[in-house]
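Participant: In the working numbering, the protein residues as written are 2 to 321.
We put the beta carbon where it would ideally sit given N, CA and C, even for glycine.
Pasting a structure below so you can have a look.
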Ligand code: ADP
């Protein structure tokens, strides 16, 4: 039985590290690396390494990229539920400059064909599931089906609303028990669903009461966790959704680490939060957020996204 079900994308990441990002019309040199990625896959790896029995529902092409997903998933003990797609496996072209800034092009490919039916086709998959975690690199119908199926099965429906420019309907948000935007995604959701404008860079500096008020308008019934990079995370609960916490809103400070690559920090946080929640749902939510901060902090000390995910034992050894 899997306790965490991740529904989302798998991409073959093609990464070029260059001195500068390529300008229009330019041809430049860069150091190339490739490997498995995609928000769904990264979060599944994080959940598995954080100790949860994890299934990953995705769509893969019948090609080398699709085969690339299987070995690392198996290595982390992930129950891979891949829908065969007529499209090529998803790809991401990532350019990173010497300052760590990036430009990314995604070819959704097979990810764009993930169907609602695939998510709901295996009822045994959801039996015993405690958390279902989805992102927005998959078709809205598949994400909605995942969240709805979670609720029907009595599991927690968790939505990481990333990337920021993906469409989100009010109906989609209503299906989520927990929503976990970063600052950019939070600003995008506020503008789209509440009609309030805030610059992403200003989110971390907002006072708690203002942030809480904005979160309540965004998700009146549930819990919002805004990740704030090196600052940590802000949690806002509805009164009826305190999840064992004493306060309706609070911040959890990030761990102080020597971060060298924050790629995939959000994925680390989400996978670890889902795993912690699935492991001990009766514990105060704040303890799960602290664990997710620790797990994500360790992931920033290593290069890459999925390969950088630490293991539960390492998190415990470092932070106790
Ligand atoms: P994203 O990767 O989606 O932009 P964030 O930048 O908000 O997400 O990072 C997610 C989480 O990763 C943070 O809430 C924090 O726990 C951790 N994190 C990110 N950057 C750092 C850092 N420099 N030091 C410590 N923890 C970090």
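Identify the residues that DSSP records as bridge partners of residue 321: which are they?
Facilitator: Residue numbering aside, residue 321 sits at position 320 when the chain shown is read from its first letter. Per DSSP, none; premise fails for residue 321.
Participant: Alpha carbon to alpha carbon, how far is residue 292 from residue 146? Give it in angstroms, no decimals.
Facilitator: For the purposes of this step, residue 146 is taken as the residue at position 145 of the chain shown. For the purposes of this step, residue 292 is taken as the residue at position 291 of the chain shown. Cα to Cα, the separation comes out at about 28 angstroms.
Participant: Residue range of the alpha helix (DSSP H) that residue 268 falls in?
Facilitator: The residue labelled residue 268 in the question sits at position 267 within the chain shown. Looking at the DSSP string, the run of the alpha helix (DSSP H) that includes residue 268 is 266-280.
Participant: In the segment 116-186, which residue ranges form an unbroken alpha helix (DSSP H) of at least 4 residues, counting only runs that do not cross its ends?
Facilitator: 117-121, 124-127, 141-153, 171-175
Participant: Indicate the three-state DSSP secondary structure (helix, strand or coil) for residue 194 in the structure shown.
Facilitator: Mapped onto the chain shown, residue 194 falls at position 193. Per DSSP, reduced to three states, the secondary structure at residue 194 is helical.
Participant: Is the segment 99-117 close to the segment 53-70, with three or more CB pairs under 8 angstroms?
Facilitator: yes
Participant: Once DSSP output is grouped into helix, strand and coil, what is the label at residue 32?
Facilitator: Within the chain shown, numbered from 1, the residue matching residue 32 stands at position 31. Strand, per DSSP.
Participant: By the 10 Å Cβ neighbour count, where 16 or more other Cβ atoms means buried, how is residue 182 classified, buried or exposed?
Facilitator: Reading the chain shown from its first residue, position 181 is the one you call residue 182. Label assigned to residue 182: buried.
Participant: Skipping 5 residues on each side, what residues in its chain have a beta carbon closer than 7 angstroms to that of residue 158?
Facilitator: Position 157 of the chain shown holds residue 158. If the five residues before and after residue 158 are omitted, its C-beta is found closer than 7 angstroms to the C-beta atoms of 133, 148, 151, 152, 176, 177, 178, all from its own chain and listed in chain order.
Participant: Just mark residue 281 as buried or exposed, buried being the case when its beta carbon has 16 or more other beta carbons within 10 Å.
Facilitator: Residue numbering aside, residue 281 sits at position 280 when the chain shown is read from its first letter. The residue is exposed, with fewer than 16 neighbouring Cβ atoms inside 10 Å.
Participant: Using only the alpha-carbon positions, how far apart do residue 9 and residue 320 sit?
Facilitator: Here the question's residue 9 lines up with position 8 in the chain shown. Here the question's residue 320 lines up with position 319 in the chain shown. About 30 angstroms.
Participant: Please tell me whether, using a cut-off of 8 angstroms, the distance from the CB of residue 7 to the nearest non-hydrogen atom of ligand 1 is below it.
Facilitator: On the chain shown, residue 7 is found 6 positions in, with the first residue counted as 1. Not under cutoff, so the answer is no.
Participant: Count the other CB atoms, across all protein chains shown, that sit within 10 Å of the CB of residue 310; report buried if there are 16 or more and exposed otherwise.
Facilitator: Position 309 of the chain shown holds residue 310. With a threshold of 16 other beta carbon atoms within 10 Å, residue 310 meets it and is buried.
Participant: For residue 314 and residue 26, I'd like the C-alpha separation in whole angstroms.
Facilitator: The count along the chain shown starts at 1 and reaches residue 314 at position 313. The count along the chain shown starts at 1 and reaches residue 26 at position 25. C-alpha separation (whole angstroms): 48 angstroms.
Participant: Kindly examine ligand 1 and report whether one of its heavy atoms sits closer than 8 angstroms to the Cβ of residue 256.
Facilitator: Indexing the chain shown from 1 puts residue 256 at position 255. Ligand 1 approaches residue 256 closely enough that one of its heavy atoms is under 8 angstroms from the residue's Cβ.
Participant: What number of angstroms, rounded off, separates the C-alpha of residue 155 from the C-alpha of residue 180?
Facilitator: Here residue 155 refers to the residue found at position 154 when the chain shown is read from its first residue. Here residue 180 refers to the residue found at position 179 when the chain shown is read from its first residue. Rounded to whole angstroms, residue 155 to residue 180 spans 17 angstroms at the Cα level.
Participant: Compare the Cα-Cα distances from residue 90 to each of 232, 22, 14 and report the closest residue.
Facilitator: Here residue 90 refers to the residue found at position 89 of the chain shown. The shortest C-alpha separation from residue 90 is found at 14.
Participant: Can you tell me the Cβ-Cβ gap for residue 272 and residue 138, rounded? I've got them flagged as a contact below 8 angstroms.
Facilitator: As a first step, residue 272 must be located in the chain shown, where it is residue number 271. As a first step, residue 138 must be located in the chain shown, where it is residue number 137. Cβ atoms of residue 272 and residue 138 stay farther apart than 8 angstroms, at about 15 angstroms.
Participant: For residue 42, verify whether its CB is less than 8 angstroms away from any heavy atom of ligand 1.
Facilitator: Residue mapping note: residue 42 aligns to position 41 of the chain shown, counting from 1. No, the Cβ of residue 42 stays beyond 8 angstroms of every heavy atom of ligand 1.
Participant: Please list the segments of the alpha helix (DSSP H) lying wholly inside the segment 46-119, counting only runs of 4 or more residues, in order along the chain.
Facilitator: 65-76
Participant: Residue 233: beta carbon under 8 angstroms from a heavy atom of ligand 1?
Facilitator: The residue given as residue 233 occupies position 232 in the chain shown. At least one heavy atom of ligand 1 is nearer than 8 angstroms to the Cβ of residue 233, so yes.
Participant: Following a CB-centred definition, is residue 270 positioned closer than 8 angstroms to any heavy atom of ligand 1?
Facilitator: The residue you call residue 270 lines up with position 269 of the chain shown. Checking every heavy atom of ligand 1 against the Cβ of residue 270, one is found closer than 8 angstroms.
Participant: Mark residue 131 as exposed unless 16 or more other C-beta atoms lie within 10 angstroms of its C-beta, in which case mark it buried.
Facilitator: One-based indexing of the chain shown puts residue 131 at position 130. By the 10 Å Cβ count, residue 131 comes out buried.
Participant: So the beta strand (DSSP E) residue 18 belongs to, where does it begin and stop?
Facilitator: Against the chain shown, residue 18 aligns to sequence position 17. 12-18 is the span of the beta strand (DSSP E), which, as asked, contains residue 18.
Participant: Under 8 angstroms from any heavy atom of ligand 1, does the C-beta of residue 229 make it?
Facilitator: Stepping through the chain shown from its first residue, residue 229 is reached at position 228. Yes, since a heavy atom of ligand 1 falls inside the 8 angstroms radius drawn around the Cβ of residue 229.
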